[in-house]
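Chains as they are written, first to last, in our numbering: chain D, 1 to 573; chain P, 1001 to 1825. C-beta atoms are modelled at their ideal positions from N, C-alpha and C, and glycine is treated no differently.
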Amino acid sequence: MELSELIEVTRVRDAFMRKGPRPSQIGDICIFGHHLIFAPSAVNAGGKEAITDNSEEFWLLHKAVDRVLCEPISKDNPQRGGLLALKCKNFLIIIFEIGDIEICRATARTIEALSNINGFLHDYAFFYNSPFTILDDGWSAFDPEQEFARLMTSTDAFRISSVNENFTVCSSYPDKVIVPKGIGDDYLKISATFRDGGRFPVLSYFHRETRSPIVRCSQPLIGPTNRRCREDETIINSMITLNRGYIIDTRSKSSTTAAKAKGGGAEPQGNYRQWRYVQCPIPRQREIHDALTKMVDVCSERKISSDRWVGRVGQAGWLSAVAASLGAAANVAQCIYSEGCKEVPVVIHGGEGVDSTLIASSLAQILLDSDARTIRGFESVIEREWICAGHPFSLRNTHCAYAEGTVTGPFESPVFLVFLDAVHQMIVQYPLSFEFDEQFLIFLFEHTYASEFGSFLGNSEKEKKENGIRKKTVSLWSHVHHPENLKTFVNACYHPTPGVIWPSVAPQSIRIWERLFFRWQRSDNSWSKPEAETIQSLSDHWKLREKELIVKASSLRRSIVELARELKVSSPV
Amino acid sequence: MVSVNIASLSLTHASSRFQFPFSRLRFHFTQVLSPPDSSHSAKCQKAMGTPSSSVTTPLSAWWNNMSLSGVYYPSISTSTPSTSNSWKNSPFGFAKGASTPQQSTVPPSALSAGYTEDITVAGALLKDKINGLVDSLMRRASVNAGCGYGEDGRIAMMVDKVYLVDRLDAHENLLGTVHVTTTHIIFRAEDATKELWLATGLIASVERGTLTAAGCILVIRCKHFQVITLLISRDKSCQDLYETLQRASKPVSVNVSELLAFENREPVEEARWRRLDWNAEMTRQGVTQSQWSQSSINEGYTVCDTYPDKLWFPTAASTSVLLGSCKFRSRGRLPVLTYFHRQTGAALCRCAQPLTGFSARCVEDEKLMELIGKANPNSDNLFLVDTRPRVNAMVNKVQGKGFEDEKNYSNMRFHFFDIENIHVMRASQARLLDAVTKFRDVADYWKTLESSGWLKHVRSVAECSLFLAESISRGTSCVVHCSDGWDRTSQVVSMCQLLLDPFYRTIRGFQILIEKDWLGFGHKFDDRCGHVGALNDEAAKEISPIFSQWLDCVWQIMQQKPRAFQFNERYLIEMHEHVYSCQFGTFVGNCDKDRRDLNVSKRTKSLWSWMDCRHDDYMNPFYSPTAHVALLDLDTRAARFNVWTGMYNRFDGGIHPRERLEDVTMAAMEHVGVLESHVAQLRVRLAELRSQKQNLKNTRSSTPTTMVDSGMSSATDELKTLGLTDPLGAVGSPAPSLERATSQESGVMDASLYCPEEMLTKYSLKWQSLRGVDRCSAPGCRGEFSSTIERRIHCHRCGMIFCRRCLKNTADERERVCEKCKADE
């Protein structure tokens, strides 16, 4: 299939951008295979001073468009042309006025078709050449062998297994996984038949200080007949050393019961005696999807009354989902870090083990480990716990909050965004403990939906390999690691907190992520920088100045001491 | 909290010496602020000159001007809040790791550190410790005999074996003793790790729980939103304590002059007591005789007892017009000028509702409105804003009050705004407090929040104020009233001025605004705050958090415009506490006349002078006086209004951000100032050493030299040179000026600038991080910070964090140092 076949209109002249990421202006819309380009007309109407920022072209990936709407400006008089609304996956809404209603409809059809191409093989990522030299290749930055080698320095209770070579045992796992040492590959294979999707227990994280591992898997296939699997029990029990472990189930009681009827279920206490079974419910993917849709809906209503606003934010359930995720992670962290107790293993699973399980395990690492709060550490968490662990990014992120109708599928869900929002809540509560800032999270959010990089393409390592994504595309981390880009994400006030952070999950502490939900809603066309950014830069300024002066003072001190000593030697008065 | 800090030291007033710590800001500041008194402006100018002519760097210049003496007033609050058992297994349980208390003991000696007498009882308490207190109280009780106080001797009581229950369940219950005095309720832990002081004025309610095996629960709710939960094993003592507290918080018969504030025994400087000078303020606003002039009509509060005695009216209005209008307005509160907008000449006036009933009219009132319109050079028309919902206004018609008929007033457009009455606000706040204290589930929390409607009410105040501000900046005068014109009117009128005039967004300007539109125009603080307790249902209905709501609204704007305000959240929160605490006379009384009759300015202390002493606590590090003039681009969408967690959950440390960017930045700024002056000192020393070396070389090369001195004399001069140039200039820069400097006649060495190497290199360059600090570092104090909002202050030498009372100024007032560093000097 050629993309050009889908393009009905290549250029729309004199379209008026009524609403968008910058003040309204007239320009041409050009449609290419992957991009929509809006080129403002050179002369500004009314002879006002041309603002340099706004004369640049505006590029938009078709993939970033969530929903296309087209309607005549006035129903009675179609001659006045049409309105073309592009609702993007990052919640930006662009509205063009196009003089000819037919051209407007054709444009809408074109964009609709281009933004809804099935699969990712036509994605821009495969055609993108990095304009920068890749100094630090993101594809090789988080090699599992190296990660394992680092783990080996603190424990030898685990081994790296190639049981999943060619993805035969579990299609959503990577080819190399870390498993308990005493367990042979045959046991893993048997366990895989007992776990949903073949996701047998693998190591997710090892907490050095308490020597406690976090292990994740999918639900056991107990079923209504109460099947059991001795091999699986052996694997799980092999992690017990000193204390009883915890099995954290991220589903609610009712959904566990429902899963049991369908062949799934949870570990019965009788067969896993050394484990405590705890439920920390995180909403399921559909609930999360509905929550985001409602949340975006209520946030985009400008004229809403206070009571309705408060009521609908509460009902939307997005904040509950974020709070629940943070709560589950905090429970995991507390199991690991319960004071005085060492070597407490924690097993996390939900249903399939690719959504809420990953939320809990990745957030727990960020709570527990100060390394995960650096840029590189955070990337490593995303790479290990989301990309390699088989979160189906392509399925989940085909559409976002606006899309409706037949183009959407049942698998779409902003699970990863819940994770990002939960990290944002931590940044709000610990603004100094993270090396990166909110901007970085927003950046990641946008790139999971539409990106010129290949990191979030495909649903698993298997698909990545089959399509040669690692070879044919550029990694997002290569872009981030470029010094020029890296510095835009660094939090200048960063001052690492060693050890664990304990964010509050009280309802008052879970804030609406303003930068995410209100980024495109400016009051009365004020296009100045948001105050929060100014504040941040002021803080950065003083913090840097302080550091600078400390360096200066200590160098002065040094030279004084030296000079004084010199004088003392030369003139012992 | 080991609040032994009861007594204040002699108040070194810094009130009028009101300077900025940062030169960058200071310059702008003086431009914006039209100084209300000349001494102030002179000081400003002096300060402006400082950076170039003085040795000190800008910040230390500020330290010079700021009085930093460790004046500390009873801080009533404590750290960990407590509430019912519903908080067991609480969502904050995760805070455990973070907030485990350091089990340090506070030696009793800390109790008797040097204090001067301030509040007689408290002073006695500190001297004689708690045992002595009982005696002194008994004596006091006899003085008060017959006032319904303590005749049965139970007013001062002591209950031991009391557990302080931590509502967050982060700590064990603390065993201790409760002492009840006429002024405070004190909980003291047996192991002396914690001391909790609560002014009786702050008690909002006391509730008794049911008797359980463990004992009886007693919940004390405070007006500053602290909740203290006590567990008392003996039922009898619980009942006694309950009754005593009831009596202490709601005295049977008491008048306002028996409030804590009147216990003050120190002479008070009248001039400093008040912030507002009506004439100066009106001149500052730019009121000119041609349009508006002062009238002596209310001299001696004869015409309207809830207004100030100085009032401004259109110059053209005759006394008969004024008196006529006065009779036509509820409680004689006729339309009077409160703010004059210099840029457009439009005016903001306030009054009470007219006594129209269904058809009454008053020619004089209509005339006065016309004259108010005419006083505006731009437009004769004016907006008349009734802040009430239309229904409420209609109801008032039945009682012979109501609202103006547009037909009778030739030049007027009428607007209603839906701000609800005091009863609605009281209920709303109660529900809000439910939401913020009871719920753990996100959905439940939002549901209760919705049912409280608090954010809606706050938003309606902001919307009405924004309407006024927009109208005035467009040149249309506005007249505002509600029912009596002292609740909603005060809110919107003062908020409107805050939006329009950057002066009111300074620390001092804000005080003037409050003194003018709240205190001056008779917001009934006594009644609304329930200072003397509600004696009956009637009085209970008068209580309403109108002023708190206004502070909330100010906070909402601060969230949107973080650079527009000179002050920070802490300023509002502490002000709120002391509106209720009754320790200061500032917010006592229902109107100006009350305060004059009570002679508060002689008999009590002013909150403003107390706040002056902690001026730097209230600074907003992001303030930029030039960033905004009028805040007319305020966003009043529902989404921009949030719950003020810092206020309503002030004592729930666990749920606040653990790191506050604002505080960190403030500390960084202070540290930068200290470092700059330190770097300057180091440069001087380095220059001296270099010249010594030079001299040595010269002597060695047997060239007789006339440069006799040791090089130290050059210090001052050297620094001057440095001060004129960039103080952060390259390290090597002293070299060229060296020769000139050393050739100066050997003068008297400035001892303050000379520091031996040991002194210069002894102290840490790094300051203690603010993270997780919950106790003062002084070994003798180890006092717990009562809430996350309380300021952590660094010692300028050792860089450790102390509480305010453990820090002293150096002799030259340049630095703020801890006792240990001071002793090292």
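Return the residues of the segment 1418–1444 of chain P that lie within a Cβ-Cβ distance of less than 8 Å from chain D, sorted by chain order. Those residues of the segment 1418–1444 of chain P that come within reach of chain D (Cβ to Cβ, closer than 8 Å) are V1436, F1439, R1440, D1441, V1442, A1443, D1444.
Jot down the residue ranges of each uninterrupted alpha helix (DSSP H) in the segment 1386–1419 of chain P, minimum 4 residues, whole runs only, in chain order. DSSP runs (the alpha helix (DSSP H)) wholly in the segment 1386–1419 of chain P: 1390–1398.
Answer yes or no: do L1241 of chain P and I1232 of chain P have a C-beta to C-beta separation smaller than 8 Å? In this structure, L1241 of chain P sits near I1232 of chain P, with a CB-CB distance shorter than 8 Å.
Is the CB of K1374 of chain P under 8 Å away from at least one CB in chain D? Closer than 8 Å to the CB of K1374 of chain P there is not a single CB belonging to chain D.
Given that Q1692 of chain P touches chain B, what residues does it touch there, using C-beta distances under 7 Å? Reference to chain B is not applicable here, since the protein chains of this structure are D and P.
Kindly list, in the order they appear in chain D, the residues whose Cβ is closer than 8 Å to that of G1453 of chain P. Per Cβ cutoff of 8 Å: S306, D307.
Could you tell me the distance, in whole angstroms, from the CA atom of E379 of chain D to the CA atom of L358 of chain D? Rounded to whole angstroms, E379 of chain D to L358 of chain D spans 14 Å at the Cα level.
Is it right to say L1211 of chain P is buried, meaning 16 or more other beta carbons lie within 10 angstroms of its own, or is it exposed? Of the residues assessed, L1211 of chain P falls on the exposed side of the cut-off, its CB having fewer than 16 other CB atoms within 10 angstroms.
Applying the 10 Å Cβ sphere with the 16-neighbour rule, what's the burial state of A149 of chain D? In this structure A149 of chain D is exposed. Its beta-carbon is surrounded by fewer than 16 other beta-carbon atoms within 10 angstroms.
Give me the chain P residues within the contact set of F518 of chain D, using Cβ-Cβ distance strictly less than 8 Å, ordered along the chain. Contact note: F518 of chain D reaches chain P through A1639, using a C-beta cutoff of 8 Å and chain order.
Return the first residue and the last residue of the alpha helix (DSSP H) that L231 of chain D is part of. Note on residue identity: the sequence assigns Glu, not Leu, to residue 231 of chain D. Looking at the DSSP string, the run of the alpha helix (DSSP H) that includes E231 of chain D is 230–237.
Does D1191 of chain P pass the burial test, meaning 16 or more other C-beta atoms within 10 Å, or should it be called exposed? Exposed: under 16 other Cβ atoms inside 10 Å.
Starting from the beta carbon of S559 of chain D, find every residue of chain P whose beta carbon is closer than 7 Å, and list them in chain order. Those are L1686, listed as they occur along chain P.
Would you identify the three-state DSSP class for V1629 of chain P, choosing helix, strand or coil? Coil, per DSSP.
Cβ-based neighbour list, A266 of chain D, same chain, cut-off 6 Å, excluding 5 preceding and 5 following: If we look at A266 of chain D and ignore the five residues flanking it on each side, its Cβ neighbours are D249, T256.
Alpha helix (DSSP H) containing L417 of chain D: first to last residue? 415–429 is the span of the alpha helix (DSSP H), which, as asked, contains L417 of chain D.
is_contact[K1447 of chain P, chain D] using C-beta, thresh 8 Å: Closer than 8 Å to the CB of K1447 of chain P there is at least one CB belonging to chain D.
Neighbourhood of T1100 of chain P by C-beta, 7 Å cutoff - its chain only, sequence neighbours within 5 removed: A caution first: T1100 of chain P carries a pLDDT of 34, below 50, which makes its placement in the model unreliable, though a value can still be read off. Apart from sequence neighbours up to five positions away, no residue of its chain approaches T1100 of chain P with a beta-carbon distance below 7 Å.
Three-state class that DSSP yields for T448 of chain D in the structure shown: Three-state DSSP puts T448 of chain D in a helix.
Say whether chain P places a C-beta atom closer than 8 Å to the C-beta of I7 of chain D. No - not a single Cβ of chain P is within 8 Å of the one on I7 of chain D.
Hey, how far is the Cα of I442 of chain D from the Cα of M295 of chain D? Cα to Cα, the separation comes out at about 17 Å.
Out of D:G353, D:S361, D:L3, D:F132, point me to the one whose CA is closest to C170 of chain D's CA. Of the residues D:G353, D:S361, D:L3, D:F132, the one whose Cα lies closest to the Cα of C170 of chain D is D:G353.
Does any residue of chain P have a CB that is nearer than 8 Å to the CB of I535 of chain D? It does; some Cβ of chain P falls within 8 Å.
Would you check if the distance between the CB atom of L188 of chain D and the CB atom of V215 of chain D is smaller than 8 Å? Result no, Cβ atoms of L188 of chain D and V215 of chain D do not sit closer than 8 Å.
Please report the straight-line C-alpha distance between K176 of chain D and R1658 of chain P, rounded to a whole angstrom. The C-alpha of R1658 of chain P is placed about 39 Å away from the C-alpha of K176 of chain D.
Exposed or buried, what is V1004 of chain P when buried is set at 16 or more other beta-carbons lying within 10 Å of its beta-carbon? Summary for V1004 of chain P: the model assigns pLDDT 33, below 50, so the residue's position carries little reliability, and this model does not support an answer.
Rounded distance between the beta-carbons of W477 of chain D and S455 of chain D, thought under 8 Å: S455 of chain D to W477 of chain D, Cβ: 7 Å. Contact.
Span of the beta strand (DSSP E) holding G1176 of chain P? DSSP places G1176 of chain P in the uninterrupted beta strand (DSSP E) bounded by 1174–1180.
Beta-carbon neighbours of W542 of chain D, restricted to chain P and to distances below 8 Å: Result: P1621, T1665, A1668, M1669, V1672.
Residues of chain P with CB closer than 8 Å to the CB of Y205 of chain D, please, in chain order. In chain order: nothing, as chain P lies at least about 18 Å away.
Which residue wins for smallest C-alpha separation from F1414 of chain P, given the options P:D1617, P:I1422, P:G1402, P:F1547? Of the listed residues, the one whose Cα sits closest to F1414 of chain P is P:G1402.
What are the partner residues of H207 of chain D, as DSSP defines its beta bridges? DSSP output for H207 of chain D lists D:S212 as bridge partner(s).
Should E231 of chain D go down as buried or exposed, given a rule of 16 or more other Cβ atoms within 10 Å for buried? By the 10 Å Cβ count, E231 of chain D comes out buried.
How about F1414 of chain P: is its Cβ closer than 7 Å to a heavy atom in the ligand HEM? Because no ligand of any kind appears in the structure shown, any question about the ligand HEM cannot be addressed here.
Any idea what DSSP makes of Y1339 of chain P, helix, strand or coil? Three-state result, Y1339 of chain P: strand.
Determine, for V1461 of chain P, whether the minimum Cβ-Cβ distance to residues of chain D falls below 8 Å. Taking Cβ atoms only, chain D never reaches closer than 8 Å to V1461 of chain P, which makes this a no.
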